[in-house]
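Numbering (the numbering used here), first residue to last: 816 to 1563.
For each residue, glycine too, the CB sits at the ideal point set by N, CA and C.
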Ligand code: ADP
Ligand code: ZN
């Protein structure tokens, strides 16, 4: 028997062993797709090993079809997926799934056609020798091979394999001809350009501009590391506006020049199209873009181009870390602190961390760039594990925005409890409007109001499926209350559902209300809103961004979307309506997130010739993450936060695994969690890690299910993972109700 190990698209499943039937010549290579039976259906899986083993007395089933003669996934990517599956406790097939371009697991995946053409050698075999191609040995050609070659010799561009098949020429015949160099095969399709259609960002890049002294020094250090051609991680810690993109471009150019490829990872291309566009203008058609806003077809095309080796630079989001580059020499993770690098369903991988693993495997330089590095990366930089490259100043000595705090308690005392826009912020906006400068206003909360309640009986509107109150949105037909977790929605009634009193009131505020208040207060200003609701329709996001860049919007209100790496030189004021939105969450990263968001959004002001200012409204002006964000003092934040994490034993001081158990009832979830924890305890004592919980999750109910969670904390991840894996293996019916998150970003 010839056995192969196949990763299949079934959650949490380890690879299965199949037999390759004798009718197939050779073994399908590692990385090839195969169609295999599972139960009563067949699925498309990927060959991940040749030395498969069989349990005693088991009969393997046969591979139903081999779809690729050459590896579809590069063997290096198969290995990367193996690491992802193991580290994040996901199935191998789940990990393989994110590495494959969309659609490649459908039976009809290959709409792209394979075209076969005779080579010069092949032609010579038919029409006679030429000086360039001496006559090959044609005696060994079978009649079928000869027939195929004759057919092809007549058509210069070649014929699709499907046409040849219709004319009775099998793939096997073609493969044998190809093996002797008589025909060449290529994949053909119309390549769609992902930049077409979407509003192009105008990027004027001055190729010859001089780097600042600091940029030059950073650039030299990184170039030295890249030239060494060995694995190394460097943290490029540069304040907002310090010109990190320029450094990426030069480094990328250098590495391409040495014949290796470059992978640039960005959090969300749609939000920061300019970085992708800059790379596009610098590298032309040797750039491929990989991100989720592309259509499946576009992504597929791009993926194939990379796989064929036509690409030097890949710019992409999280999943681009699996891009099929043959020999990446440089991997850049821009805005490495950004939480969108973490995938929040299985495999729950962190794109930055997988990038580092990929860099290690391919001997590449990995550059992590940020103005507000994650605690993890900065910790590794100060401990010497990573190189630490710092840019302390903005280019052209532009100052960082001055940050002013407004204590909202005082504002309420003076102006009443309904104030949303403080006097200071209102006056500052007015000033900017007069000077025809632009303003960004941040509130990290969507909707109009955060709650509805009855003034008579106190009844509130909670989601029937989740333990959160419904958010009020303004809809064309009136008020609508919606759950931001499960999307349940209902009309807000005129009177209370419980006591029928007509005293329903709304409380709290979100971006919609800010937009409305700004419009009322500054009727001449052009105000727009950017949040997940306003950009739902395809194309609105790019349209909004380019309108703002073009000066057609004066004030842009939005959620954290407006804080991402935008470079709008005419913004001189950033207003933060409430710095406190994230602080109250029961999440150990709350302070880190708040610090990052405030620092990043303040960093959007004053990037042009005029100095910028940020006005931050808060109820807690003394909170350290707000204080240090005002001073934009990252090292001070890090020290303070690390002390807290040490005291509480949170990452990066320890490694953490979070497990959430879901159940139809709270008791069921709690019972299962208690069972798992009890079974873990002996191992925890032996391997010296902590098990904390079980306890109800902060989000106690989600989409109709109750949630209970526990944590593992310790210094050796592998011990914790193995213990949990072993315990879950003894409870097979429980696995699908447990979500395991290794290195969780959010623990709600
Ligand atoms: P960061 O990503 O570090 O926040 P950017 O790369 O967006 O900063 O650069 C900020 C601005 O400075 C951009 O408009 C960029 O074109 C400009 N810039 C970068 N380097 C230089 C330089 N050496 N001279 C002049 N302008 C520069
Ligand atoms: Zn809900």
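Relative to the ligand ZN, even the nearest heavy atom lies 7 Å or more away from the CB of residue 827.
Using a cutoff of 7 Å, the CB of residue 1419 does not count as near the ligand ADP, since none of the ligand's heavy atoms is closer than that. Within the chosen limit of 7 Å, the ligand ADP reaches the beta carbon of residue 1059 through at least one heavy atom. Secondary structure at residue 1305: strand, using DSSP grouped into helix, strand and coil.
Out of 1310, 1320, 1312 and 1253, the CA that lies nearest to the CA of residue 1286 is found in 1320. Excluding the 5 residues flanking it on each side, residue 1075 has same chain C-beta neighbours closer than 6 Å at 1142 and 1144, in chain order.
One alpha carbon belongs to residue 1372, the other to residue 1334, and they sit about 11 Å apart.
When distances are taken from the beta-carbon of residue 1148 to the heavy atoms of the ligand ADP, even the shortest one reaches 7 Å or more. With fewer than 16 other CB atoms across the displayed protein chains lying within 10 angstroms of its CB, residue 816 is exposed. Under the rule that a run must span 4 or more residues, the alpha helix (DSSP H) segments found entirely inside the region 1281-1359 read 1326-1336.
Where residue 1135 is concerned, there is no enclosing beta strand (DSSP E), because DSSP gives it neither an H nor an E. Here DSSP, grouped into helix, strand and coil, assigns residue 1240 to helix. Annotation: residue 1404 to residue 828 spans about 32 Å, alpha carbon to alpha carbon. Annotated three-state conformation of residue 1088 is helix, per DSSP.
Residue 1087 holds the alpha-carbon nearest to the alpha-carbon of residue 1382 among 1087, 850 and 1463.
The continuous alpha helix (DSSP H) containing residue 1416 extends over residues 1405-1417.
Around the beta carbon of residue 1314, fewer than 16 other beta carbons lie within 10 angstroms, which makes this residue exposed. A Cβ closer than 6 Å to some heavy atom of the ligand ZN marks a residue here, and those residues are 1278, 1280, 1281, 1298, 1300, 1301 and 1303.
Counting of Cβ neighbours within 10 angstroms places residue 1211 among the exposed residues, the total staying below 16. CA-to-CA, the gap between residue 1304 and residue 1392 works out to about 26 Å. Between residue 1080 and residue 1149, the CB-CB gap stays under 8 Å. In the structure shown, residue 1498 falls within a helical segment according to DSSP collapsed to helix, strand and coil. The beta carbons of residue 1389 and residue 1419 sit about 6 Å from each other, so the pair counts as a contact at 8 Å. Distance check between residue 1516 and each of 1100, 1501, 1157 and 1484 places 1484 closest, using alpha-carbon atoms only.
Boundaries of the beta strand (DSSP E) harbouring residue 1428: 1428-1433, taken from the DSSP string. In this structure, the straight-line span from the alpha carbon of residue 1225 to that of residue 1250 is close to 29 Å. Residue pairing by DSSP puts residue 1105 in a beta bridge opposite 1131. Shortest gap from the CB of residue 1215 to any heavy atom of the ligand ADP: 7 Å or more. A contact is defined here as three or more CB-CB pairs under 8 Å, and the region 1466-1482 fails this definition with respect to the region 1230-1248. At least one heavy atom of the ligand ADP is found less than 7 Å from the C-beta of residue 1211. The residues 1156, 1157 and 1558, in chain order, have a CB closer than 7 Å to that of residue 1165 in the same chain once the five nearest residues on each side in sequence are set aside.
Excluding five sequence positions before and after residue 1384, the CB atoms of its chain that fall closer than 6 Å to its own CB belong to 1422 and 1423, given in chain order.
Excluding residues up to 5 positions away in sequence, 1371, 1377, 1386, 1389 and 1419 lie with their Cβ nearer than 6 Å to the Cβ of residue 1255 in the same chain.
If you draw a straight line from the Cα of residue 1265 to the Cα of residue 1521, it is about 23 Å long. Under the DSSP definition of a beta bridge, residue 1000 partners with 931.
Leaving aside the five residues that flank residue 1330 on each side, the residues in its chain whose CB is nearer than 7 Å to its CB run, in chain order, 1342, 1344 and 1372.
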